[in-house]
C-alpha cells in the first residue's frame, strides 16, 4: 500500500467515472492514450477514491497493453477502485498497480467457435488489406481498421463486410447475435451485451467494496454509449453524460449531456473534462 499522504479515499466519493475507451480515452487514430494529461488526471482521481471504470468494447488485452501502462506511470496507487468492463460487459477485471487482476468471462455471452473461424476466414480472404481480425477477444468477435489505412477507405467497404457477416449469421441460424459497426470496427456480439450491461456490472463491483459515488459522469463517442447513462438514470442515480463526438446528434435525455466548450472532439475533449473534474477535488 502506498504511503502517499495526499490520497484521501472515501466510500462516498463525490462522483464516479464510467468511460468508453476508443474516442474519449484512446485516440481512434493511433489507438493509444496519446494525450498525456489523461492518465495523469485519471490516476489522480482514482488515488482520491473516485471510481474509474472503463466500459468498453475493447478486450482486456488492449486495456492491459494501452491503458494500464500510462496509469501506472502516472502513479496509480494500490487499492484504488479502478476496473475494466471489457467486450461490453462480457469480460471484466480489476486494474491494480501491478496490472490486470483476475479476468472473469461470462461464458453465456461467448459466440460459437465456428462463427469466429468463419469471420476470420472472411477477413483473410476478402478484406485483409483494410481490416484485421481481433484475436484478443474472448466472448465477442471483432474486426478493426488497419492502422495504416485511411478511415474513408475503411468505411467505404465496411457495409460490404457487415452484409457478408449477416449472411454468416443467417447460415448459422444465430438470431441472438447482432452486428454493431463503429467508425473503426465492427463488433459481432450477443444481444445481451452493451454499455448498459457494463454499467450494471460496474455497480456490482463497487458494491462489493462498499463504494457508492454520490453522482456519475459517463463518457463516450457514439449514440450506443448513452446506454450507460440511461441505465444509471433508470436506477435512480444522478448522472451527466459527456459526448465527445456530438456531430452524430445529441438526443433528448432526462439527464444533462455535456460537450466540449472549445469544440474539441475525441480524446482532446475527453482530456478537457478529466482535467476539470480532477481539479474539483483540490
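Numbering (my numbering), first residue to last: 7 to 288.
For each residue, glycine too, the CB sits at the ideal point set by N, CA and C.
Cα-Cα separation between residue i and residue j, rounded to whole angstroms
i	j	result
residue 296	residue 279	The structure shown does not extend to residue 296, since the chain is modelled only from 7 through 288, so no value can be given for it.
residue 281	residue 51	10 Å
residue 135	residue 189	17 Å
residue 233	residue 202	5 Å
residue 181	residue 168	15 Å
residue 57	residue 83	13 Å
residue 10	residue 53	Because the pLDDT of residue 10 is 37, which lies under 50, any placement of that residue in the model is unreliable, and the number read from its coordinates should be weighed accordingly. If you take the alpha carbons of residue 10 and residue 53, they lie about 10 Å apart.
residue 270	residue 159	24 Å
residue 290	residue 89	No information on residue 290 is available, as it lies outside the stretch 7 to 288 that the chain covers here.
residue 101	residue 132	37 Å
residue 16	residue 242	21 Å
Of the listed residues the options, nearest to residue i (C-alpha basis)
i	options	result
residue 291	82, 109, 86, 248	Past the edges of the chain, shown from 7 to 288, lies residue 291, and the structure says nothing about it.
residue 79	45, 58, 85, 150	45
residue 176	64, 121, 213, 72	121
residue 116	199, 101, 100, 156	199
residue 125	269, 107, 178	178
residue 111	92, 261, 127, 40	92
residue 268	252, 258, 262	252
Pair within 9 Å by beta-carbon distance, residue i and residue j
i	j	result
residue 275	residue 47	no
residue 221	residue 60	no
residue 186	residue 195	yes
residue 254	residue 32	no
residue 218	residue 245	no
residue 248	residue 264	yes
residue 74	residue 105	yes
residue 147	residue 140	yes
Residues that residue i bridges to, as DSSP identifies them
i	result
residue 98	91, 110
residue 120	BP columns for residue 120 are empty, so no partner.
Simplified DSSP state of residue i, which is helix, strand or coil
i	result
residue 9	A caution first: residue 9 carries a pLDDT of 31, below 50, which makes its placement in the model unreliable, though a value can still be read off. Coil at residue 9, not helix or strand.
residue 278	helix
residue 133	helix
residue 272	helix
residue 178	helix
Cβ-heavy atom distance, residue i to the ligand GDP, below 8 Å
i	result
residue 276	You won't find the ligand GDP in this model; it holds no ligand whatsoever.
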